[in-house]
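Q: Handing you a structure now.
2 protein chains.
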Amino acid sequence: MYGRCMARTSPARTDVPDTAGSFPVTVDVVALTVRAGALHVLVVDRLLEPFRGQAALPGGFVLADETLEQAAGRELEEETGLTVPAQAAGAGPWHLEQLRTYGPLGRDPRGPVLSVAYLLLAPAFGLPAAGGDAAEARWVPVIEEGKPLAFDHDQILADGVERARAKIEYSPLAAAFCPPEFTVAELRGVYEAVWGTQVDARNFHRKATGTPGFLEPTGRLGGGGPGRPAELYRLASGVDPAAAVLHPPLLRSVSPGRVAPSA
Amino acid sequence: MYGRCMARTSPARTDVPDTAGSFPVTVDVVALTVRAGALHVLVVDRLLEPFRGQAALPGGFVLADETLEQAAGRELEEETGLTVPAQAAGAGPWHLEQLRTYGPLGRDPRGPVLSVAYLLLAPAFGLPAAGGDAAEARWVPVIEEGKPLAFDHDQILADGVERARAKIEYSPLAAAFCPPEFTVAELRGVYEAVWGTQVDARNFHRKATGTPGFLEPTGRLGGGGPGRPAELYRLASGVDPAAAVLHPPLLRSVSPGRVAPSA
DNA sequence: TCGGGTTATCGTCAAATTGACGATAACCGG
DNA sequence: CCGGTTATCGTCAATTTGACGATAACCCGA
């Protein structure tokens, strides 16, 4: 089997104990966005075995000379045509962070494979015309989630969604789902979509605009729909949305069972 | 992309691209405990190159047929003599969770190596007599942290400490630092040590005992020192400390800079 | 046995925050 | 101009926080 070939280190590496395994490593990306008021995840249809024809998270093998982040960006681009801006891990609207690593055993029929999962939060946008070799990349709502995904991707997706739900409570990362300038209502729509709950518009407005280090008014107005035009905001300048902490946090209300979410 | 181009080198399997790297994988464990009111981390002195003689987090290579958790427990035991109870990931006082994975490039002079870091929270205890092949395993206070650690272990340690600090706000995991039955004062000592701040004893008592799903009185009293004996508590039954969420959380006060902690 | 030292626990109270919801402002389309 | 719609501002009671006083219940040494 494939695993046998990988069970030994290369002869050049004499300083690594030869009982140590060497593993193929993949990255898988949980790309989330909010479209039409619902949380969506990006999936591709697999063209090859294993799990041929089944939907899966975009991802693939890490090359020998790239970082995990580079691999995540490359695979995403190859399979979905999405180009993650370089500033995704920084101040921009996009946000890419490591989710967790899924163990080598029992998750790939080809043998032991390690998978490092990444979480991408991005504003809604259309997909470029099915670029690369991916048969089909599409956004699907995370609820309903019809058929199961390939590999252990259902578990990875669940972990990613739970991470996103928790993270927007304590960090300004909900803004990663919005364009660079957005209204308070758009931001509230993100919370409602990610949490799957209703949020009172008036209290949310007070809380969001009143939390230091979160929003910064641009002075401009966002027009368009019916009703009074809303003020446009951007993320507070000088704030790293990946590291900043909201004080006090925007807590989900104590609705149903708040115990053991991802157990 | 899981299987685009096909291997020329691996005759047994043709579904893994030969550009895909295969990486040696290590686990490193950030084992934290509270002793004498200060947060301590477990380190070992390296006997071999690279970084020979320097302190490092316990860890080592993952074998071909074990899970990451198994590797973490095995390395910890081999290098420090500590045996992680099987229930560490469950209801017991110990707590072992994955921290994050550190990329293959530029972190090991021997070449690309992936490291999956784990975070262990444990009650204070003495080390078994330097078992295994470890020259020396010892607890060192995380502040002062005299010389730098080997590899990128300073970064891993910083990430682990920050994870612990954040996690005890929203989960009952502070109890992982305590024996199975503990007093409110002991628990408060954990918060003070991990956060490095002072916590008002009266408000903490009110909050800790008043938060549903956190503490459960045993009826027994903890004697010993001077002063009035304190009631003994245990974690609320039926609560998985790794998954449960405290509502409302025990927030650190807004003291100094609460922005970009581990950046 | 008594008093002083020490720690645990319970109360009190003003300030801040939350949650629910009314009221008004500012736009749209007819 | 008028209703429909959404944004924003206020109000108010209930809850929570933070600061800190007051007791309770143990230890020890005299």
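Heads up: the sequence lines are chains A and B, in that order. Numbering-wise (this note's numbering), the first sequence opens with residue 1 and increments by one. Numbering-wise (this note's numbering), the second sequence opens with residue 1 and increments by one. Don't be surprised by glycine CBs; every beta carbon is placed ideally from N, CA and C.
1. Could you give the DSSP three-state label for A:Gly59: helix, strand or coil?
2. Under 8 angstroms between beta-carbons, which chain A residues line up against B:Ser237? List them in chain order, please.
3. For the segment 136–161 of chain B, which residues have a CB atom closer than 7 angstroms to at least one CB atom of chain A, in sequence order?
4. Express the C-alpha separation of A:Val43 and A:Gly73 in angstroms, rounding to a whole number.
5. Where do the N-terminal and C-terminal ends of the beta strand (DSSP E) with B:Asp45 fall, by residue?
6. Does the beta carbon of A:Arg46 fall short of 7 angstroms from some heavy atom of the ligand SAH?
7. Below 7 angstroms CB to CB, which residues in the same chain sit around B:Pro267 once its five sequence neighbours on both sides are set aside?
8. Can you list, in chain order, the residues of its chain with a C-beta nearer than 7 angstroms to that of B:Val245? Leave out the 5 residues immediately preceding and following it.
9. Determine, using beta carbons only, whether A:Leu33 comes closer than 8 angstroms to chain B.
10. Excluding the 5 residues flanking B:Thr183 on each side, which residues of the same chain have their C-beta closer than 8 angstroms to its C-beta?
11. Please say whether B:Leu235 and B:Ala185 have beta carbons closer to each other than 8 angstroms?
12. Mind checking which residues open and close the alpha helix (DSSP H) that includes B:Phe264?
13. Is the Cβ of A:Thr197 closer than 8 angstroms to any Cβ of chain B?
14. Please check if any C-beta of chain A sits within less than 8 angstroms of the C-beta of B:Ser171.
15. Along the segment 116–128 of chain B, what residues have a CB closer than 8 angstroms to any CB found in chain A?
16. Would the segment 62–73 of chain A count as touching the segment 187–197 of chain A if we require 3 or more Cβ pairs under 8 angstroms?
17. Take every Cβ of the segment 28–36 of chain A, pair it with every Cβ of the segment 113–121 of chain A, and state whether three or more of those distances are shorter than 8 angstroms.
18. Determine, for B:Gln98, whether the minimum Cβ-Cβ distance to residues of chain A falls below 8 angstroms.
19. Use the C-beta contact count for B:Gly219: other C-beta atoms within 10 angstroms, 16 or more gives buried, fewer gives exposed.
20. Is it buried or exposed for B:Thr83, if we count other Cβ within 10 angstroms and need 16 for buried?
21. What is the residue span of the beta strand (DSSP E) that B:Arg163 lies within?
22. Mark B:Glu49 as exposed unless 16 or more other C-beta atoms lie within 10 angstroms of its C-beta, in which case mark it buried.
23. Between the alpha carbons of B:Pro212 and B:Val239, how many angstroms are there, rounded?
24. Check the Cβ-Cβ distances between B:Leu76 and every residue of chain A, and say whether any is below 8 angstroms.
25. Starting from B:Leu76, follow the beta strand (DSSP E) in both directions and report where the run begins and ends.
26. With 7 angstroms as the limit, tell me which residues of the segment 49–64 of chain A have their beta carbon closer than that to any beta carbon of chain B; keep them in chain order.
27. Please report how far the alpha carbon of A:Pro148 lies from the alpha carbon of A:Phe51, in whole angstroms.
28. Going by Cα to Cα distance, which pick from A:Ala208, A:Leu120 and A:Ile168 is closest to A:Pro85?
29. Alpha carbon to alpha carbon, what distance is there between A:Ala137 and A:Pro123?
30. Tell me the rounded alpha-carbon separation between A:Gln54 and B:His40.
31. Quick check: the Cα distance between A:Gly146 and A:Val140, rounded to an integer number of angstroms?
32. Quick one: using the 10 Å Cβ neighbour count with 16 as the cut-off for buried, is A:Ile143 buried or exposed?
33. Is the Cβ of B:Ala91 closer than 8 angstroms to any Cβ of chain A?
34. Between B:Glu79, B:His153 and B:Glu78, which has its C-alpha nearest B:Leu99's C-alpha?
35. Taking 8 angstroms as the CB-CB limit, is A:Pro180 close to chain B?
36. Secondary structure at A:Val25, three-state DSSP: helix, strand or coil?
A: Looking at the coordinates:
1. Residue state, collapsed to three classes: strand.
2. Under the 8 angstroms cutoff, chain A gives no residues; its nearest Cβ is about 13 angstroms from B:Ser237.
3. none
4. 15 angstroms
5. Run containing B:Asp45: Ala38 to Asp45, per the beta strand (DSSP E) assignment.
6. What this structure holds is no ligand at all, so the ligand SAH is not there to describe.
7. In this structure chain B extends from 1 to 263, so residue 267 of chain B is not present and cannot be described.
8. Tyr170 and Ser171
9. Looking at the sequence provided, one finds Thr at residue 33 of chain A rather than Leu. No - not a single Cβ of chain B is within 8 angstroms of the one on A:Thr33.
10. Gly222, Ala230, Glu231, Leu232 and Tyr233
11. no
12. Examination of residue 264 of chain B is not possible in this model, given that chain B is present from 1 through 263 alone.
13. no
14. no
15. Val116
16. Segments in contact, no.
17. yes
18. yes
19. exposed
20. exposed
21. First-last for B:Arg163: His153 to Tyr170, but that is the alpha helix (DSSP H), not the beta strand (DSSP E).
22. Exposed, by the Cβ-count rule.
23. 11 angstroms
24. no
25. First-last for B:Leu76: Leu68 to Thr80, but that is the alpha helix (DSSP H), not the beta strand (DSSP E).
26. Glu49, Gly60, Phe61, Val62, Leu63 and Ala64
27. 11 angstroms
28. A:Leu120
29. Straight-line Cα distance between these residues: approximately 16 angstroms.
30. Distance from the CA atom of A:Gln54 to the CA atom of B:His40, rounded to whole angstroms, is 48 angstroms.
31. 9 angstroms
32. exposed
33. Since pLDDT at B:Ala91 reaches only 46, below the 50 mark, its modelled position is unreliable, and the value read off the structure follows with that caveat. No, B:Ala91 does not count as interfacial toward chain A.
34. B:His153
35. no
36. strand
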